[in-house]
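As structure tokens, the structure follows; a few thoughts come after it.
There are 2 protein chains.
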Amino acid sequence: MDKITTSIITIGDELLIGQTIDTNSAWIAQQLNAIGIWVHRRVAIGDVREDILDAMAREAAVSDIVLITGGLGPTADDITKPTLCEYFNTHLVQDKGALENVLHIFESRGLPLLQRNLDQSMVPASCTVIQNRRGTAPGMWFEKEGRIYVSMPGVPHEMQGIMEHDILPMLGDHFKTPAVVHQTLITSGMGESFIAERLVAFEVKLPPHVKLAYLPSYSLLKLRLTAFGLDKVSVAAEASTLFHELKALLADITVADQDITIGEVLGQLLKDRGQSVGTAESCTGGLIAHWITSVPGSSAYFKGSAVVYANEMKVKLLGVKPATLQAQGAVSEAVVREMVTGALTLLQTDYAIAVSGIMGPDGGTPEKPVGTVWIAVAAADGRMVTVKHQLRYDRERNTQMTAVYALNELRKLILQKG
Amino acid sequence: MDKITTSIITIGDELLIGQTIDTNSAWIAQQLNAIGIWVHRRVAIGDVREDILDAMAREAAVSDIVLITGGLGPTADDITKPTLCEYFNTHLVQDKGALENVLHIFESRGLPLLQRNLDQSMVPASCTVIQNRRGTAPGMWFEKEGRIYVSMPGVPHEMQGIMEHDILPMLGDHFKTPAVVHQTLITSGMGESFIAERLVAFEVKLPPHVKLAYLPSYSLLKLRLTAFGLDKVSVAAEASTLFHELKALLADITVADQDITIGEVLGQLLKDRGQSVGTAESCTGGLIAHWITSVPGSSAYFKGSAVVYANEMKVKLLGVKPATLQAQGAVSEAVVREMVTGALTLLQTDYAIAVSGIMGPDGGTPEKPVGTVWIAVAAADGRMVTVKHQLRYDRERNTQMTAVYALNELRKLILQKG
Chain A
1 MDKITTSIIT IGDELLIGQT IDTNSAWIAQ QLNAIGIWVH RRVAIGDVRE
51 DILDAMAREA AVSDIVLITG GLGPTADDIT KPTLCEYFNT HLVQDKGALE
101 NVLHIFESRG LPLLQRNLDQ SMVPASCTVI QNRRGTAPGM WFEKEGRIYV
151 SMPGVPHEMQ GIMEHDILPM LGDHFKTPAV VHQTLITSGM GESFIAERLV
201 AFEVKLPPHV KLAYLPSYSL LKLRLTAFGL DKVSVAAEAS TLFHELKALL
251 ADITVADQDI TIGEVLGQLL KDRGQSVGTA ESCTGGLIAH WITSVPGSSA
301 YFKGSAVVYA NEMKVKLLGV KPATLQAQGA VSEAVVREMV TGALTLLQTD
351 YAIAVSGIMG PDGGTPEKPV GTVWIAVAAA DGRMVTVKHQ LRYDRERNTQ
401 MTAVYALNEL RKLILQKG
Chain B
1 MDKITTSIIT IGDELLIGQT IDTNSAWIAQ QLNAIGIWVH RRVAIGDVRE
51 DILDAMAREA AVSDIVLITG GLGPTADDIT KPTLCEYFNT HLVQDKGALE
101 NVLHIFESRG LPLLQRNLDQ SMVPASCTVI QNRRGTAPGM WFEKEGRIYV
151 SMPGVPHEMQ GIMEHDILPM LGDHFKTPAV VHQTLITSGM GESFIAERLV
201 AFEVKLPPHV KLAYLPSYSL LKLRLTAFGL DKVSVAAEAS TLFHELKALL
251 ADITVADQDI TIGEVLGQLL KDRGQSVGTA ESCTGGLIAH WITSVPGSSA
301 YFKGSAVVYA NEMKVKLLGV KPATLQAQGA VSEAVVREMV TGALTLLQTD
351 YAIAVSGIMG PDGGTPEKPV GTVWIAVAAA DGRMVTVKHQ LRYDRERNTQ
401 MTAVYALNEL RKLILQKG
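Going down the list, the sequences are from chains A and B.
Take the first sequence: its position 123, counting from 1, is numbered 123 in the UniProt record's numbering, and each next residue is one higher.
Take the second sequence: its position 168, counting from 1, is numbered 168 in the UniProt record's numbering, and each next residue is one higher.
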């Protein structure tokens with residue numbers, strides 16, 4: 001069975017000088033995978049005519065589909081459309097639907113209209129125009145020598161609207177797509193090598209159309225099983241059998257048997273139990289609360305947080321004793337114990353998380369170097385667990401590692417009871 | 001003057017199915033740019049032998065440098081090293097330094113050592129080994145037919161350590177690199193098209209070795225001026241002259257004249273004035289506080305936050321009146337006014353930010369649809385500004401847009417006084 005292959009070409013100097021991180025490609029790949037289309041190459045190039053022409057020709061030589069994002073804006077550095085005309089040997093014409101869309105957007109926002117905005121309704125004559133419901137630059141679908149080419153704006157929510165509403169259904173119609181099933185197991189507490197050792201026999205017997213990937217994600221490890229086949233039902237059945245076997249082999253270290261965030265894992269536990277949580281955050285500055293509330297519906301179990309960066313706030317909001325701060329310092333087991341107790345009282349929740357640490361680059365001492373962090377998790381029934389970590393990364397990564405560790409500690413505390 | 005060109009090849013199925021977002025390429029591009037090396041192509045491929053060989057040959061045909069990340073882990077899906085041996089027609093040998101590094105890491109962490117860990121010290125015989133100070137997989141430097149190839153692990157902090165300590169200096173020695181200067185202006189309150197209109201004359205007269213790019217970033221717009229040349233001093237002087245002209249043209253809408261985050265912009269203003277800030281967050285769930293505290297040294301001006309997701313917490317922590325919540329609803333001007341006043345009192349800061357909104361996907365009503373958000377910013381001297389936004393994106397983007405809007409409103413309030 002031949003895979004339907006896609007190359008994604010992202011156009012824009014900002015991707016090459018590192019000013020922008022490419023999130024579009026990951027999103028597109030997820031969507032295409034779900035309908036059985038395989039992204040086997042992603043290429044990023046600048047706003048350079050020759051590079052665009054070259055990339056299109058190269059990718060069309062090895063892929064069935066060439067998806068292009070970026071370079072469709074109203075400014076002078078956006079040269080994708082004239083370059084598409086050159087590639088497809090055609091010329092720009094005005095599209096009535098795209099023009100109406102531009103006029104409607106400017107009218108509804110009460111903005112004056114410039115020629116360069118009107119120009120966004122010009123499209124290569126040989127394309128099928130895909131209207132953009134979220135912006136002024138339309139998408140474009142081309143067919144040439146058995147290949148499909150799609151050009152879309154690089155603004156993520158505009159591209160996503162065009163993909164979901166039009167391109168994914170059109171690709172599904174155009175190709176006879178194979179079935180792909182992904183199953184993800186999230187583990188904690190065991191290194192990649194040790195898990196691999198435990199899975200030697202399992203991996204050896206995997207058929208060639210099933211792959212297992214190891215994906216470290218902060219202090220967690222994701223194991224992704226992927227199965228391909230012609231028939232959706234049999235692929236799903238085979239993947240399910242193997243995934244159950246994998247789960248049984250790793251039951252003692254499993255965090256979740258689906259690809260969700262640690263915030264979602266925790267949310268499901270709390271929702272199932274009708275219980276609530278709050279946080280008391282020093283070094284993470286609100287990140288743990290943000291991750292909890294990133295989950296839709298989190299208001300069912302999340303009440304609030306005290307972000308207590310300054311010591312005076314630890315005292316005022318959480319009742320941490322000045323004497324404890326004085327004697328032990330803000331980054332200490334004694335202080336996170338008082339913080340988590342204070343959070344349970346302040347927020348009146350079933351569980352609370354407290355963290356205090358030194359995230360860097362400054363603020364370390366010989367006794368408490370950068371990366372020292374104390375975590376406390378506690379339940380209203382009196383149970384409390386504290387852990388210390390010594391992290392070794394930069395400020396951003398230390399903060400995110402701390403948030404994952406803290407959420408995972410609370411997960412373990414909640415399950416301890418059952 | 002010929003540019004030194006680089007292709008970045010990232011290897012790993014997780015990048016192609018969209019499970020991982022590629023942050024390495026952006027970081028590498030920033031570092032190379034700073035020493036005058038131009039990344040003109042980035043390619044992502046899977047853990048597939050043929051695709052790796054093909055990508056290396058293709059990229060070497062158009063680039064001076066081929067940087068490869070990923071596929072060097074200890075598990076079965078990591079096939080980069082044998083494939084490198086095939087490409088360079090060599091074989092694996094054990095490297096003494098890499099072996100000592102592996103032994104040292106496992107000993108210091110008290111972990112038992114497996115054969116697959118020891119195998120990480122095997123390297124292609126023809127490479128120059130670059131020791132990895134942050135992990136077990138060494139970097140590798142190859143030269144072939146006038147091209148430089150570098151293979152590094154995909155774990156970001158390991159790759160960064162190898163680049164900073166070894167590869168960047170080695171590339172600097174090997175090539176006579178041109179000078180590149182970037183200058184970035186951040187603006188708010190005017191659309192891309194209108195700015196472009198204002199800059200028509202400026203853009204027309206830019207010499208060919210200077211480029212201007214428009215980079216929308218949430219509700220802000222970044223304008224990046226890039227100049228190339230042989231001589232660092234003259235390039236910097238030319239870029240500086242043009243950038244001053246650009247700043248003068250956009251003085252009324254300038255947020256910052258360097259590429260920093262809105263959290264950093266605000267931090268500088270507060271630090272300069274010796275003033276402090278705190279937040280009262282409902283719908284952003286702590287994100288604004290997290291962005292403020294992501295800046296090293298933010299403890300100088302940030303005291304804390306009340307994340308008040310539940311209405312009872314708005315009352316308890318901030319003194320919002322139950323009658324106001326009852327009459328106006330949590331997402332209302334009256335409530336954010338009481339929240340911001342309560343935050344100033346609770347946190348005893350010079351400024352406070354309060355936000356309340358409906359981020360979606362659920363919770364909207366006909367009068368207050370998803371995306372409705374109220375922001376209040378206030379100063380301890382009594383000044384207060386409230387704004388309402390109607391956002392139109394998904395939960396994540398709505399939350400981030402809200403955080404940018406709120407921080408920018410406070411920036412304006414602080415400057416209002418001067």
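Even for Gly, the Cβ is constructed at its ideal location relative to N, Cα and C.
Same chain only: Cβ atoms within 8 Å of residue i, ignoring 5 sequence neighbours per side
i	result
B/Gly-229	Met-1, Pro-178, Ala-179, His-209, Val-235, Glu-238
A/Gly-243	Looking at the sequence itself, residue 243 of chain A is Phe, so the reference to Gly does not match. Closer than 8 Å at Cβ, skipping near neighbours: Gln-183, Leu-185, Leu-225, Asp-257.
B/Ala-330	Ser-282, Asn-311, Lys-314, Ser-356
Burial state of residue i (16 or more Cβ within 10 Å)
i	result
B/Glu-158	buried
A/Gly-274	exposed
B/Gly-278	buried
B/Cys-108	According to the sequence shown, residue 108 of chain B is Ser rather than Cys. It is exposed - the Cβ of B/Ser-108 has fewer than 16 other Cβ atoms within 10 Å.
A/His-104	exposed
B/Gly-172	exposed
B/Ala-248	exposed
B/Gly-73	buried
A/Gln-115	exposed
A/Leu-391	buried
B/Gln-326	exposed
A/Asn-89	exposed
B/Pro-153	buried
A/Arg-49	exposed
B/Gly-110	exposed
A/Ala-323	exposed
A/Asp-381	exposed
B/Val-335	buried
is_contact[residue i, chain A] using C-beta, thresh 9 Å
i	result
B/Arg-392	yes
B/Asp-54	yes
B/Tyr-218	no
B/Ala-157	Per the sequence shown, the amino acid found at residue 157 of chain B is His instead of Ala. Yes - at least one Cβ of chain A is within 9 Å of the one on B/His-157.
B/Asn-117	yes
B/Tyr-87	no
B/Ala-376	no
B/Ser-121	no
B/Arg-224	yes
CB contact below 9 Å: residue i versus chain B
i	result
A/Asp-350	no
residue 419 of chain A	Absent from the structure is residue 419 of chain A, since the part of chain A shown begins at 1 and ends at 418.
residue 421 of chain A	This structure leaves residue 421 of chain A out entirely; chain A is present only between 1 and 418.
A/Ser-108	no
A/Met-1	At A/Met-1, the pLDDT of 49 sits below 50, so the modelled position is not reliable; the number obtained from the coordinates is stated separately. A/Met-1 does not count as touching chain B.
A/Ile-253	no
A/Gln-416	no
A/Glu-396	yes
A/Gly-329	no
A/Ile-288	yes
A/Leu-215	yes
Proximal residues to residue i (C-beta, below 6 Å), its chain only, five neighbours per side dropped
i	result
B/Asp-13	Gly-46, Asp-47
A/Thr-149	Position check: residue 149 of chain A holds Tyr in this sequence, whereas Thr was assumed. Excluding sequence neighbours, A/Tyr-149 sits near Val-66, Phe-142.
A/Glu-264	Val-295
Close beta carbons around residue i, own chain, < 7 Å, minus the five adjacent residues each side
i	result
A/Ala-379	Asp-350, Tyr-351, Leu-413
A/Asn-24	Thr-10, Thr-69, Gly-154, Pro-156, Met-159
Q. Counting pairs of Cβ atoms below 8 Å between the segment 339-348 of chain B and the segment 331-349 of chain A, do you hit three or more?
A. no
Q) the segment 7-26 of chain A: which residues have C-beta closer than 9 Å to a C-beta of chain B, in chain order? A) Ile-8, Thr-10, Gly-12, Asp-13, Glu-14, Leu-15, Leu-16, Ile-17, Gly-18, Gln-19, Thr-20, Ile-21, Asp-22, Thr-23, Ser-25, Ala-26
**Q.** Touching by the beta-carbon criterion (3+ pairs, under 8 Å), the segment 350-359 of chain B and the segment 374-384 of chain B
**A.** yes
**Q.** Positions along the segment 33-47 of chain A whose CB lies within less than 7 Å of some CB in chain B
**A.** Asn-33, Val-39, His-40, Arg-41, Arg-42, Val-43, Ala-44, Ile-45, Gly-46
Q: Mind checking the segment 296-317 of chain A against chain B and listing, in chain order, the residues whose C-beta falls within less than 9 Å of any C-beta there?
A: Pro-296, Gly-297, Ser-298, Ser-299, Phe-302, Lys-303, Gly-304, Ser-305, Ala-306, Val-307, Val-308, Tyr-309, Ala-310, Glu-312, Met-313, Lys-314, Lys-316, Leu-317
Q) Are the segment 12-31 of chain B and the segment 23-39 of chain A in contact at 8 Å, needing three or more beta carbon pairs? A) yes
Q: May I ask you to verify whether the segment 403-414 of chain A touches the segment 133-142 of chain B, counting CB pairs closer than 8 Å and requiring at least 3?
A: no
Q.
Between the segment 294-310 of chain A and the segment 292-312 of chain B, can you find at least three pairs of beta-carbon atoms closer than 8 Å?
A. yes
Q: Residues of the segment 331-363 of chain B with a CB closer than 9 Å to any CB of chain A: list them in chain order, please.
A: Leu-346, Leu-347, Gln-348, Met-359, Gly-360, Pro-361, Asp-362, Gly-363
Q.
Contact between the segment 94-103 of chain A and the segment 118-130 of chain A is defined here as three or more beta-carbon pairs at a separation below 8 Å; is this criterion met?
A. yes
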